[in-house]
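The sequence shown maps to residues 15 to 414 in our numbering.
Just so it is clear, CB atoms sit at the ideal spot from N, CA and C, and this is done for glycine as well.
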Amino acid sequence: MSLVAGAQQREPWRLVIALGITQITSWGSVYYLFALLLQPVQRELALSKPLAVGAFSLALLISGLLAPRIGAWIDAHGGRRPMVLGSLLMAAGLFLLSQAHGAAAFYAVWALLGVAMALTLYDPAFAVVTRASTLNYRRAITVLTLFGGLASTVFWPLTQALIDELGWRGAVQVLALINLAVCVPLHLTLPSGERASPPPGAAAAPSLNVREVLRDPRFYLLAGAFTANILVFSAMAVHMIAMLEAKGMSAAQAAALGALIGPMQVAGRLAEIALARQLSVQRVGLAAAVLLPLSLLVFAGVDLHGAAFLLFAVLYGTGNGVMTIVRGAIAVELYGRDHYGAVNGALAAPVLVAKAAGPLLAALMFGAAGHYNGVLALLTAVAVLAVVLLWAATRRPAAA
15 MSLVAGAQQR EPWRLVIALG ITQITSWGSV YYLFALLLQP VQRELALSKP LAVGAFSLAL
75 LISGLLAPRI GAWIDAHGGR RPMVLGSLLM AAGLFLLSQA HGAAAFYAVW ALLGVAMALT
135 LYDPAFAVVT RASTLNYRRA ITVLTLFGGL ASTVFWPLTQ ALIDELGWRG AVQVLALINL
195 AVCVPLHLTL PSGERASPPP GAAAAPSLNV REVLRDPRFY LLAGAFTANI LVFSAMAVHM
255 IAMLEAKGMS AAQAAALGAL IGPMQVAGRL AEIALARQLS VQRVGLAAAV LLPLSLLVFA
315 GVDLHGAAFL LFAVLYGTGN GVMTIVRGAI AVELYGRDHY GAVNGALAAP VLVAKAAGPL
375 LAALMFGAAG HYNGVLALLT AVAVLAVVLL WAATRRPAAA
């Protein structure tokens, strides 16, 4: 192997480690932040639960709408500029969040943070590592998600401790500084040159552009399955702390127990690495999708203490952890690498819109019923629908 070829093989893993650190920070300091801010922000800004959650939903909606364009940008020019810009916007947004004193300002800040998330979270990171990888794109995506899976484990207890010590405004200022100190320098190291080329003699999957992909019926089944699946996970990510508190836990206990989900995500992703050579991404995804409704049945049916909560965390965390890999890798398996950023962005757009809808839908149902029982029933039904759609996608042949 030539020195150049050897460098090409090593470089993506240094890239994955750098991106992995930024994923822990970006997910933990913004996406997982909202669950801990929900109740103190409601009290201080005098917002109803649906009105407060609506700001987070707006951020996710903006992120979804921007996903295809950002993916195409990375396809053409690499990820350095968009991801550095995203980190700067994230730090600015968090600082401005600490200064928000009304609903209008709160919504404006989360709109800005939606742009930042579109530029920094998994979809742009997946596009960067797929662009830089040769044959190991699936493993690179999996390793990247191993880092991201620790975001809630690291940042839920850390952020709760900061809130307890500094109040929520002081806490988000610290998180802004962490983004500046960690993410901006690491994103500046990202490549912006040409994409990696497969080694000579390697089999290349046929690569379809977005127009060709949109003629494949499997695309719509997959998009529907991932949309339903993420709607449930998004709703739970925002409301889980409140749901646990409704079962009698303190905020600190709920944050600590919720942090168990991160290691379960990591465990699921390690299992995916072990099974990657034996199973296609589609089959792994179907198995992961089944775990979600099972976990919600456990959550709804038992008092979450001890072994019962551990069972929920195993099922829920494993399913979520593996499904993240599936959403990132399936576009390459089915449609090739050349247009991955744009194709994955098109597949991610409805998924990210569902991320926006999930928390707000759950908040509206809670407001109507006054408890979470009906919310859990609806989320379980949606999770079952995701399984059915994904099964249909795996059974359907590609369009001619």
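Based on Cα-Cα distance, which residue from the options lies nearest to residue i?
i	options	result
T159	L33, L47, L399, A266	L33
V252	G128, R83, P373	P373
L348	A327, A397, L300, T408	T408
D178	P138, L51, A60, I76	L51
G184	L235, L202, S112	S112
G92	V30, S206, R152, L74	S206
A125	R57, A60, V44	V44
F323	Q267, G335, G359	Q267
V346	N150, E58, A106	N150
A392	A321, W405, L306	The amino acid occupying residue 392 in the given sequence is Leu; Ala does not appear at that position. Ranking A321, W405, L306 by Cα distance to L392 puts L306 first.
A130	A175, E286, L108	L108
S228	N358, L79, K63	The displayed chain sequence assigns Leu, not Ser, to residue 228. The shortest Cα separation from L228 among N358, L79, K63 belongs to N358.
M379	A368, A249, L403	A249
A406	R57, A368, F240	F240
T394	R83, R225, V246, F140	V246
L375	R57, F70, A327	F70
A106	V186, A327, F233, D230	V186
Q53	L403, L399, A377, L404	A377
R28	A119, H201, R57	H201
A145	R83, G350, L404	Note that residue 145 is Arg in the sequence shown here, rather than Ala. That would be G350, whose Cα lies nearest to the Cα of R145.
A368	E226, R57, L79	L79
S40	A285, A265, L102, Q292	L102
P26	F140, R232, R225	F140
D352	Y121, A321, E226	E226
If contacts are defined as beta-carbon pairs under 8 Å, then residue i and residue j qualify, I think. What distance do you get, rounded to the angstrom?
i	j	result
L164	V340	About 19 Å separates the two Cβ atoms, so there is no contact after all.
L72	A370	7 Å
V142	I88	6 Å
M257	G299	About 26 Å; that fails the 8 Å criterion.
L47	T173	6 Å
G331	I275	4 Å
R153	I287	7 Å
A132	S77	4 Å
V295	V157	Not quite, the Cβ-Cβ distance comes to about 15 Å (not below 8 Å), so this is no contact.
Is the distance from the Cβ of residue i to the Cβ of residue j below 8 Å?
i	j	result
G100	A356	no
N193	M97	no
P171	A314	no
L310	A242	no
A81	D137	yes
I38	F161	yes
V67	W182	no
G342	I35	no
V389	A303	no
A260	Y386	yes
G128	L61	no
P425	G262	A query on residue 425 cannot be resolved here, the shown segment of the chain reaching from 15 to 414 and no further.
L180	A117	no
A237	L366	no
S166	G272	yes
G282	G335	yes
M254	A90	no
G42	V198	no
V188	L204	no
L235	L403	yes
V196	M278	no
V312	L325	yes
- Message: In chain order, what are the residue ranges of uninterrupted beta strand (DSSP E) at least 3 long that sit wholly in the region 43-102?
- Response: With a minimum length of 3 residues, there is no unbroken run of beta strand (DSSP E) contained wholly in the region 43-102.
- For the region 134-174, list the alpha helix (DSSP H) runs that are entirely contained and at least 4 residues long, ordered along the chain. The region 134-174 contains these whole alpha helix (DSSP H) runs: 136-146, 151-162.
- Query: Which runs of the alpha helix (DSSP H) fall wholly inside the region 348-414 and span at least 4 residues, in chain order?
  - Reply: Within the region 348-414, the runs of alpha helix (DSSP H) at least 4 residues long that lie entirely inside it are, in chain order, 354-383, 387-409.
- Message: Which complete alpha helix (DSSP H) runs does the region 293-327 hold, if anything under 4 residues is left out?
- Response: Whole alpha helix (DSSP H) segments, 4+ residues: 295-315.
- Task: Pick out the complete beta strand (DSSP E) segments inside the region 223-255, 3 residues or longer, and give them in chain order.
- Result: With a minimum length of 3 residues, there is no unbroken run of beta strand (DSSP E) contained wholly in the region 223-255.
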